[in-house]
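This report refers to the structure that appears directly beneath it.
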Amino acid sequence: VSGSTGLEGLEILEQNPISIRHGQGDPFPVNPQELHATLGVAPTGLVSSLQPQSNDVPGFVDVWDLFGPEYRTHLYRQEKHIANSPLFNGLIMVAVVINTTLVGVEVDSAKEVMAWDRLGFVAIEAFFCLFFTFELLVRFDQQSWGYFQDLLNLLDYSLVIASWLDVATSASTYRERVQLASTIRVFRFVRIVRVLDNSKSDLLVIARGLANAVEHVLQLSIITAVFVFMMAVVLTSLVAQDAYAISRWPEAKMYAGSVWRSTITVMQLATLDFWSEVAIALFEISPLSLVTICFTLFLLNFGVINHLVAIMVDRVSNISGESAVLHEKLLSKAHDSLIRGLEEDLRVGIGMDGKLSLAAFHKLIEMPAVNQKLQLMGISDEEAQAFFDIMEGERHGGITIHQFVMGLSKAKGKAKSIDMCKLICVVNRQTSRATQLVSRVRGLIQEVDALQKRFNDLGKGLTRERMILREQEERLSALQQQKRDTDVFYQSMDMQRQYAQVRMKLQ
Numbered sequence: 024v025s026g027s028t029g030l031e032g033l034e035i036l037e038q039n040p041i042s043i044r045h046g047q048g049d050p051f052p053v054n055p056q057e058l059h060a061t062l063g064v065a066p067t068g069l070v071s072s073l074q075p076q077s078n079d080v081p082g083f084v085d086v087w088d089l090f091g092p093e094y095r096t097h098l099y100r101q102e103k104h105i106a107n108s109p110l111f112n113g114l115i116m117v118a119v120v121i122n123t124t125l126v127g128v129e130v131d132s133a134k135e136v137m138a139w140d141r142l143g144f145v146a147i148e149a150f151f152c153l154f155f156t157f158e159l160l161v162r163f164d165q166q167s168w169g170y171f172q173d174l175l176n177l178l179d180y181s182l183v184i185a186s187w188l189d190v191a192t193s194a195s196t197y198r199e200r201v202q203l204a205s206t207i208r209v210f211r212f213v214r215i216v217r218v219l220d221n222s223k224s225d226l227l228v229i230a231r232g233l234a235n236a237v238e239h240v241l242q243l244s245i246i247t248a249v250f251v252f253m254m255a256v257v258l259t260s261l262v263a264q265d266a267y268a269i270s271r272w273p274e275a276k277m278y279a280g281s282v283w284r285s286t287i288t289v290m291q292l293a294t295l296d297f298w299s300e301v302a303i304a305l306f307e308i309s310p311l312s313l314v315t316i317c318f319t320l321f322l323l324n325f326g327v328i329n330h331l332v333a334i335m336v337d338r339v340s341n342i343s344g345e346s347a348v349l350h351e352k353l354l355s356k357a358h359d360s361l362i363r364g365l366e367e368d369l370r371v372g373i374g375m376d377g378k379l380s381l382a383a384f385h386k387l388i389e390m391p392a393v394n395q396k397l398q399l400m401g402i403s404d405e406e407a408q409a410f411f412d413i414m415e416g417e418r419h420g421g422i423t424i425h426q427f428v429m430g431l432s433k434a435k436g437k438a439k440s441i442d443m444c445k446l447i448c449v450v451n452r453q454t455s456r457a458t459q460l461v462s463r464v465r466g467l468i469q470e471v472d473a474l475q476k477r478f479n480d481l482g483k484g485l486t487r488e489r490m491i492l493r494e495q496e497e498r499l500s501a502l503q504q505q506k507r508d509t510d511v512f513y514q515s516m517d518m519q520r521q522y523a524q525v526r527m528k529l530q
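Count the sequence shown with our numbering and you get residues 24 to 530, in order.
Have a look at this one:
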């Protein structure tokens, strides 16, 4: 095929179908459903499958990469596996919630008795062990040995082993010896994070925002602790060292007898726990303590809470922006990879002049590889043919592959800044040209108006001449009629004269 050009190369490809390579990637054909599924779940799969080999020196690979190669067929199988279905994951989450609830009920109701006195809980736990073991086998069938590379999978595996040990030892030991194993099963509830990780839920964004805001929250906590300690010192100075205040309120030592008790009182005021009675009592025995109360209520309630909300909003906004930028970059890389792959596929139909003819293009779009890439770009065969006809009609004799592909991507892709600048320049140029043409048309209209005025004057003159000619014709007709009448009169007179002469001769 490399030695042929144009339609000859297409005929060779039709007679000997092969799997077209993209750069130095694997030779497996591209499946549009697979790529759509990959783009919808993890856009990195599409980028990695179509990205050409880079010239960078690769780093060291681990054992998992050497002994666990993944092909497109394997990735497609993982995407369509039952372990990746929403129904299966939803059923697992329901089982996790039920099991966690039953663990709490068991711990609350079980006593220090033998296992045969709680056979119901043991049987239920054995059923859940079988269920989660089945889930472990299903996920291992989906991910193979890569299952143990995920920390959540390792947690599931450890919990399943601990559950089996709990069930096995419950038949012969007291509950207190395996109480820790039953309590550890509660950590299975952490698996709900997996559902959030595999979905586009806003809860995951909030969780990531909390994780990123830990440093700021710690700083705010330190500042809050310092402020609480300062208010506690002030409150202790105003109340504990005033004998009159202690005599008026017997519970003053309990609320403000020392710095640590005052600290607890300030925290009570900050959390609005029974704060009105404490605040009123402190105000009655020490009016200056109202300043401490106001500072505590406003700064710790409104200030700290609003600052925490501002931190969370800022972190969540940054995460959302970063996610949008990353998603846009991945889509851009995938689009560029598709463009490069389409150029390589269309390069088969290039003629001797380095251009792609219309006939060769019509045969190329019937190839599965080209058709699949056009479908991924959202372009049908009819649209591609119409676009090629337009570009080929403007150049008369074919176009280059780069011109066609870039024009096709600009026609169907998102508008970029340079494209918008070009569009604005074209629109401004056409607007100025239209303005010039309008001024010319206005000049022509003025000349036409002058000509029309002349034509109107000529029409009036012609109308006048026609009226004169009509009058002349009428006069001529009248003269001709008079001439005919005169001729008839002369003929009658001549006949009468002849008749009179004949009569005179006869007499």
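The beta carbon of each residue, even a glycine, is placed where N, CA and C say it ideally should be.
What residue from the options has the CA that sits closest to residue i's CA?
{"i": "arginine 231", "options": "Arg338, Met116, Met518 and Thr315", "result": "Arg338"}
{"i": "leucine 365", "options": "Val332, Val525 and Leu399", "result": "Leu399"}
{"i": "isoleucine 121", "options": "Cys152, Ser244 and Leu98", "result": "Cys152"}
{"i": "glycine 318", "options": "Ile328, Glu307 and Ala293", "result": "The sequence as given places phenylalanine at residue 318; glycine does not occur at that position. Minimum Cα distance to phenylalanine 318 is reached at Ala293."}
{"i": "leucine 320", "options": "Ile334, Ile308, Val282 and Met254", "result": "Met254"}
{"i": "glutamine 395", "options": "Gly372, Ile362 and Gly374", "result": "Ile362"}
{"i": "threonine 247", "options": "Ala279, Leu177, Gln503 and Gly326", "result": "Gly326"}
{"i": "histidine 239", "options": "Asp404, Arg487, Met335 and Tyr278", "result": "Met335"}
{"i": "glycine 169", "options": "Leu110, Gln101 and Ile147", "result": "Gln101"}
{"i": "valine 393", "options": "Lys276, Val471 and Val428", "result": "Val428"}
{"i": "isoleucine 606", "options": "Tyr513, Val371 and Asp480", "result": "Nothing can be reported for residue 606, as the shown portion of the chain is limited to 24 through 530."}
{"i": "asparagine 235", "options": "Ala149, Leu331, Met375 and Ala191", "result": "Leu331"}
{"i": "glutamine 264", "options": "Ser355, Thr96, Phe252 and Val282", "result": "Val282"}
{"i": "isoleucine 303", "options": "Arg271, Ile441, Ala146 and Glu494", "result": "Arg271"}
Buried or exposed for residue i, please, with buried defined as at least 16 other CB atoms from any protein chain shown within 10 angstroms of its CB.
{"i": "glycine 377", "result": "exposed"}
{"i": "methionine 516", "result": "exposed"}
{"i": "lysine 386", "result": "buried"}
{"i": "phenylalanine 155", "result": "buried"}
{"i": "alanine 185", "result": "buried"}
{"i": "glutamate 158", "result": "buried"}
{"i": "valine 237", "result": "exposed"}
{"i": "phenylalanine 171", "result": "exposed"}
{"i": "valine 511", "result": "exposed"}
{"i": "methionine 443", "result": "exposed"}
{"i": "tyrosine 278", "result": "buried"}
{"i": "isoleucine 115", "result": "buried"}
{"i": "phenylalanine 384", "result": "buried"}
{"i": "threonine 286", "result": "buried"}
{"i": "aspartate 164", "result": "exposed"}
{"i": "arginine 284", "result": "buried"}
{"i": "threonine 509", "result": "exposed"}
{"i": "glycine 482", "result": "exposed"}
{"i": "valine 464", "result": "exposed"}
{"i": "serine 244", "result": "exposed"}
Between which two residues does the alpha helix (DSSP H) holding residue i run?
{"i": "tryptophan 283", "result": "282-293"}
{"i": "isoleucine 267", "result": "Isoleucine is not the amino acid found at residue 267; the sequence shown has tyrosine there. Where tyrosine 267 is concerned, the enclosing alpha helix (DSSP H) stretches over 266-271."}
{"i": "lysine 378", "result": "Neither: lysine 378 is in no alpha helix (DSSP H) and is coded neither H nor E."}
{"i": "histidine 97", "result": "95-102"}
{"i": "tyrosine 278", "result": "275-279"}
{"i": "glycine 169", "result": "Run containing glycine 169: none; DSSP gives neither H nor E here."}
{"i": "threonine 247", "result": "237-262"}
{"i": "glutamine 530", "result": "Element bounds for glutamine 530: n/a, residue is neither H nor E."}
{"i": "alanine 392", "result": "391-399"}
Among residues of its own chain, excluding the 5 on either side of residue i, which ones have a beta-carbon nearer than 6 Å to its beta-carbon?
{"i": "phenylalanine 144", "result": "Glu129"}
{"i": "glutamate 274", "result": "none"}
{"i": "arginine 520", "result": "none"}
Between which residues of its own chain and residue i is the CB-CB distance below 8 Å, once the five residues before and five after are set aside?
{"i": "aspartate 412", "result": "Leu381"}
{"i": "serine 403", "result": "Leu397"}
{"i": "glutamine 388", "result": "Per the sequence presented here, residue 388 reads as isoleucine, with glutamine not at that position. Once the five neighbours on either side are set aside, the close Cβ partners of isoleucine 388 are Asn394, Leu397, Asp404, Ala407 and Gln408."}
For residue i, which residues from the same chain have a beta carbon less than 7 Å from its beta carbon, with the 5 sequence-adjacent residues on both sides left out?
{"i": "valine 257", "result": "Thr315"}
{"i": "isoleucine 447", "result": "none"}
{"i": "serine 312", "result": "Leu258, Leu261, Val262, Leu305 and Phe306"}
{"i": "valine 228", "result": "Val339, Ile342 and Ser343"}
{"i": "lysine 528", "result": "none"}
{"i": "glutamine 503", "result": "none"}
{"i": "isoleucine 328", "result": "none"}
Taking only beta-carbon atoms, is residue i less than 8 Å away from chain B?
{"i": "leucine 241", "result": "Included in the structure is just one protein chain, with no chain B present."}
At 4 residues or longer, and completely inside the stretch 299-376: list those alpha helix (DSSP H) runs for me, N to C.
312-318 and 327-369
Give the list of continuous alpha helix (DSSP H) stretches no shorter than 4 residues that lie fully inside the stretch 418-491.
424-435
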